[in-house]
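Student:
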Amino acid sequence: MSTTLTAPRPTRATRPARVGARRRKTLTWIATHAIAVAMAAMFLGPLVLVSLTALMSDEQALTGNLWPESFAWSNFADVFAKSHLLGWTLNTLLYAGLGTLFMLVSSVPVAYALARFRFRGRGLAFLLVITAMMLPPQVIAVPIYLVWARVGLTDTLWPLILPMLLGDAFSIFLLRQFLISIPRDYTDAARVDGCSDFRTLVRVILPMARPAIAAVALFQFFYCWNDYYGPLLYTGINQDNWTLSLGLATFKAFHSVQWNLTMAATLLVTAPVIIVFFFAQRVFIEGVTLTGVKG
Amino acid sequence: MRFVPIAAAGLTALALTACTAGKEAPPSLGAQPKPSGAASQALPAATVELWHGFQTDAEVKAFDEAIAGFNKKFPQITVKVTKAVQDDQITQAIRSGKAPDVAASFTTDNVALWCKTGAFQDLTPVIKQDGIDLTVLPEASRSYTEFDGRRCTMPLLADAYGLYYNKALMKGNEPPKTLSELTKLTKELTVRDPDGTIKVAGFIPSFQYYENSPSHLGPMVGATWYNEDGTSAIGTDPAWKQLLTWQKELVDWYGYANLEKFRRSLGDEWGSAHPFFKGKVAMILDGEWRNAMIANDSKAKSLGYGTAPLPVADDKPDLYGSGFTAGTVIGVPKGAKNPQHAWELIKHLTTDTDSLVTLSNALRNVPTTKAAMESPQLAADANFKTFLSIFAHPKTSTLPASVNSVFNQDAFSTFLTNWEKGAVKDLDEGLKGVDKRINDKLKLSGG
Amino acid sequence: MTAGPKRREGLRALLWLSPWIAGFSIFFVYPLISIVYFSFTRYDLFTLEWVGLDNWRYLLQDERVWISAKNTLWLVVFMVPAQVIFALAVAQLLTKVKAGAGFFRTVFYLPTLVPMVAGTVAFVFLLNPVGPTNQILSWIGVSGPDWFGDASWSKPSLTLLGIWGCGNTMVIFLAALLDVPKHLYEAASIDGAGAWRQFRSITLPTISPVLMFSAVTGVIYALQYFTQAMIASRVASGATDSAGSTFTPGYPDQSLLTLPQWLFHVGFRDFSMGYASVLALVLFGTSMIFTLILLRQFRKAEEVLS
C-alpha cells in the first residue's frame, strides 16, 4: 500500500481558492494521521513494555533501564518449569472448548425459536433473555454454589461447563439478533417444501447464520478463557484444577515478586488469544458490531 | 401464572439444599476407644492427606524430612502432601466436604471459627487418651490454638515479633527499651532533606507499613482486644489510646505527607528491595523469619544487624522482653477420612522434639515446645535467640481467637489509617466507633 | 386469530425453548427465590438458623456497602463516560484515517483481546510507583503518583485500563458512524457547517441510540465490576499475598471495593451465606433498575429500526 501517495495531488492547473482548500485538506490529513500514529503508540506501549520486561533479568525489572540488558528467553521456560502453566492451559481449554460446544448445541435452537416461531409470550421470553443476560453472576452465586456442593462437584470446572447445556443468555440474544434479520421468505419456502422445523434449521438457517454462529462461538471461547470469577468460585481449592486466569492472578505471590516472570506468564496467557484473533479477525469485528443496538 | 409451578419446584430444591452441604462424615476423633498403649503402632495401613502452606523448595524439603521421621514410626501410613495451600482453600474444602485429613495454616485468624463451627475436630479427647501434657507449650501458644474450651488445633511452629536494627545506622546507640527512647532515637537517626523528604528513617511509625499491624504493636503497651464476652475492648482499654497518641506524635514529627511519600517509595516486603536490606530504615518491627530472609538474600546477607525485644510503654517496664506471637497451626478437619492416623501425624509433628528441631532449623521459625527450644541441636545464633526468649516470655501475648478475627483487625486498621492521616477528630469517639463495628458484626455472626 | 396453527406453533416453540426454560428456572428463578429465604437465616454451610431481620438490619450498619456504592457511583460517573467518549473519539478518528486504516483498526482493537487478568496484572506492573510509566514520566520531568497504591489514584488507574480495552465499543461506534448517510454531510458542508457543527447536528443525533445503548450496558457492567478491581487490589497490595494473611478486597483503603467483591467475600470467604444473600438482593435490585432502562432503550431502537 502506498501510504505516502494518497494525498490529493493537483492534476490540472488549479485556481488559487482551490489551492487553499487543498492545502487545508493536506494539513488535516497530516494531523489526522499524526494523531492516529500517536494513539497507536499509546495502545501498543503497554504490550511493548510488558514484552521487554518479560525478557529482563529479575534484577533489572523495575529499574530505570527499560531495554533488556540481555535477552533472557529462558524466562518463558522458567514460567513453565515453576508453575502449573501447562495444566492450567489444559483446564482452560477444557472449560472453553466444552463450554463453547455445549453453548452452541443449546443456544442455537433457542435463538431459532425466538426469531422464527410466532407464539404468545415471545416478546416476554426475549425480554427475559436480556434480563438474564444482564444479571450480575454474583446474585445467584450462593444458592447455585450450594447445589453444586450438594452434588459434590465443587472443586471441578463442571459447575461452569454443565450449565452451558441449558443455553447462554448472551449467545441466544446475539444469535436471535442475527436470525431475525434473515428474510422470512427463505424459511417459508422451506416450510412449503415440507421441511420440518429441524430440517429448516439445519438446511436453511445454519448455513446462512454461519458468521453469527462463528462470532458467538468465538465470544464464548474468549469469555471462558478470560473468566476469573467462575473458576475462583468453584476451583479455588486445588491448584491442579485452576485455569490460566486463576493461576496468573496469584502468580506474582507464588514467585516472590519476580516481575520478569510474571510478565512472561502474562504474555503467554495473552498470546493464544491474539493469534486466534489474527486468523478470525473478520468474524470477530462483525460479531462485535452485532452486539450493538441494531438487528 | 406460569411461574407458580417453577416457583414450587424451586422451593422443593431449596428444601433439599438448605441442609449441610457436606456428606456424612467418617467417625470423628475420640469417638472410638483408642487401641491401647503401643498398639497405636498397629493402626491399619492408610494414606493420610496433608495440606500445608509452605512453598519454597527449602521449606517443602524440610517438611518432607519431618514426615520421613514420622514414617520411621509408622511405616504403614503414607502421607500425601500438598504444598502452598492458603486458608481460603482449606475453609472452602471443609465447607464443601472435600477436606484433607490434616491441614496446617499459617495464620491463627481462623482458629476460633474452625473450633466453634466444628470445621476442625476437637482434639481434647485424644489428647487426654494419649496423656499429652500441654504445659510444655507457652501460654500464648496454647491460647491461639483453642477457642471456647475447644482445642481444635495444635501449634506447629511459632512466630515471635521483635525489633531489628541496622548496626551502622544506629551510630553506636543501644536498641531502645521504651517508647520515649524509640521516639528520641528515631528523631536522632532520621536523615532528611531540608524540605522534609526522608532519606533514611529511624523507625517508620505508620500502621500501614508492612508488619506494623495493631496486633503486632499492641503488646508494646499491653493492650487488650476483647472483653470476657468477646465484645471489643479497644475503646475502653486506655493502653490503645496510649499507643495511638505516641504513634501520632511521631507521625506528625515526620509530617504525614512526607512519611507516606517515603513509605510508598519502599520496595516490596517480600522482595530483595526491602528497605531494611537497602539501609533505608534503622529499626523495624519484624518476625523471627526475617533472619532467614536476610541470610538467604545474596546482597543483604552481609548486613550488620542486631535484634532485640520491642520497646515498651514507659510506665510498664515489666513488659520489656515480651512481644507478639502467633504461628502455624495444624489440625484434623471435619470429614477427614482417617482421623486417628491424622492425629498420630499431628502428634508427631507438634510434640516430637527432633521433628520440631529439624523443622525449626530449616524454616527458621520458633519451635513450640520447651524441650525443642532447649535442644542443643537447635541452631540458634544471637539474633535468633532474641526471638526464642521473646516467645518464652511470660508476658508475651497473642491476638485472642475471635470468630471475626479478620474482620475485626480490618475494622481497626481502617480506623488507624484515618487516624494517622489526621482525619479523626475525637479519638475516644473514633475508638467507640470501632467497638460498634466489631460488636455489630459479632451479633451478625451469632455471638 | 386462528387458534389452531398458532397454538401448534406455540407448542413447538415450547419444545424448542425447553432447554432454556429449564436453564432460566434453575439459574434465575430458583436462586432468586432461595436468596430471599436465605436472607432471613444465618447459614455457614454447617448450621442453618432463622434470624429474622438481623441480616437486613446489619445491612444498614455495614459501612462497606456504602463504600462500595460510592465506588460504583464513581465508576458510573467517570469511568463509563470516559470509555464511551474515548471509544467514540477513536472511532471518529478511524473514519477519517485513510492510509493504513486496517492497521490502525487492528492496533486499536488489540488491547481488548488481552485477557482481563493479564491486562490488569500488566497494568499494576506498568503503573508501579517505580515502574516503567513513572520512569517515562520522569524523563519529561513529571513525578508520577503511586497509581494502584494510592486511594485517590486507584480508580483512575483502572479507568486507564478500561480505556485501553475499549475496542468492542469502538467497533460498534465505528459501524454506526459509517452508517450515517454521506449525503447529509455533503449537504451540510455546502451550507458551510464546520466539522464540529456537522458532528453535533448530524453525527450525534444519528448514532445516539447506539451511544445510549453502550452507556447503559456500560453502567450495568460497572455494577458487576469485579475481576479488574479484585486483581488490582490483590497484586498491588503485595503484602497480603503472603501465605497466612487473609485478603480483604478493596486495597488501597477500600477504594476499589465494589458490591460484587464484598458479596463474594462475605459469602465465600466468611461463609455468611445469609448476609451474602441480602447483598445479592441489593445487587439484583440495582441492576434490575438499569436493566429496565436498557429494555426500554432497546424497544425504542427496535421500533426505529424495524
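Residue numbers (our numbering), protein chains in the order written: chain A, 16 to 310; chain B, 6 to 452; chain C, 10 to 315. Where is the CB? At the ideal position from N, CA and C, for every residue including glycine. As the structure is a computational prediction, the values presented were derived from the model and not from experiment.
1) Taking the beta carbon of G276/C as the centre, do at least 16 other beta carbons fall within 10 Å, making it buried, or is it exposed?
2) F273/C to T212/C, Cα distance in whole Å?
3) Measuring only the C-alpha atoms, how far is P143/B from T373/B?
4) When burial is assigned at 16 or more other CB atoms within 10 Å of the CB, is P124/A buried or exposed?
5) Buried or exposed: G309/B, going by 16 or more other Cβ atoms within 10 Å of its Cβ?
6) Beta-carbon of G251/A versus every beta-carbon of chain B: anything under 7 Å?
7) Is F281/B helix, strand or coil when you go by DSSP?
8) Within a Cβ cutoff of 8 Å, which residues of the same chain sit near I298/C, ignoring the five residues on either side of it in sequence?
9) Can you tell which of G60/A, F266/A, L108/A, V291/A has its C-alpha closest to the C-alpha of Q60/B?
10) Among T78/A, R214/A, V303/A, T146/A, which one has its Cα closest to the Cα of L233/A?
11) By how many angstroms is the C-alpha of A69/A removed from the C-alpha of L113/A?
12) Near Q382/B, what residues of its chain come up, given a Cβ to Cβ distance below 6 Å and the 5 sequence neighbours on each side ignored?
13) Whether or not the segment 46-59 of chain C and the segment 132-151 of chain C are in contact is what I'm after, with contact meaning three or more pairs of Cβ atoms, one per stretch, closer than 8 Å; do they touch?
14) Along the segment 88-106 of chain B, what residues have a CB closer than 8 Å to any CB found in chain C?
15) According to DSSP, what are the bridge partners of V107/B?
16) Among L174/B, H353/B, L393/B, P405/B, which residue has its Cα nearest to the Cα of N115/B?
17) Mark K446/B as exposed unless 16 or more other C-beta atoms lie within 10 angstroms of its C-beta, in which case mark it buried.
18) Is Y310/B helix, strand or coil when you go by DSSP?
19) Y324/C to G158/C, Cα distance in whole Å?
20) Around the C-beta of T41/A, are 16 or more other C-beta atoms found within 10 angstroms, so that it is buried, or is it exposed?
21) In terms of residue numbering, what span does the beta strand (DSSP E) encompassing D291/B cover?
22) Could you check if A98/B is buried or exposed, using at least 16 other CB atoms within 10 Å of its CB as the buried criterion?
23) Could you tell me if F134/A is buried or exposed, where buried requires 16 or more neighbouring beta carbons within 10 angstroms of its beta carbon?
24) Within 7 Å (strictly less), CB to CB, does R268/B reach chain C?
25) With a threshold of 6 Å on Cβ separation, who are the neighbours of W163/A within its own chain once the five nearest residues in sequence on each side are excluded?
26) What is the C-beta distance between S185/B and D319/B, in whole angstroms, given that I count them as a contact (C-beta under 8 Å)?
27) Under 9 Å Cβ-Cβ, which residues of chain C neighbour Y127/A?
28) For N263/B, which of helix, strand or coil comes out of DSSP?
29) Near T236/B, which residues of its chain fall below 6 Å by C-beta distance, leaving aside the five closest residues on each side in sequence?
30) Can you give the beta carbon distance from P181/B to L187/B, rounded, assuming they're within the 8 Å contact cut?
31) Bridge partners for I335/B per DSSP, in chain order?
32) For Q237/C versus L167/C, is the C-beta distance shorter than 7 Å?
33) Are T330/B and T401/B closer than 7 Å when you measure CB to CB?
34) Are there three or more Cβ pairs, one per stretch, closer than 8 Å when the segment 100-117 of chain A is compared with the segment 171-188 of chain A?
35) Whole angstroms are fine: how far does the CA of W44/A sit from the CA of F280/C?
36) Could you say which of K430/B, E293/B, D234/B lies nearest to I395/B if we only look at CA atoms?
Tutor: The answer reads as follows:
1) buried
2) 42 Å
3) 8 Å
4) buried
5) exposed
6) yes
7) coil
8) none
9) F266/A
10) V303/A
11) 32 Å
12) V362
13) no
14) A89, Q91, D92, D93, T96, Q97, R100, S101
15) L55/B
16) P405/B
17) buried
18) strand
19) Here chain C has residues from 10 to 315 only, and residue 324/C is not among them.
20) exposed
21) 286-292
22) buried
23) buried
24) no
25) T169, P174
26) 5 Å
27) W25
28) helix
29) N444
30) 4 Å
31) A109/B, M159/B
32) yes
33) yes
34) yes
35) 60 Å
36) E293/B
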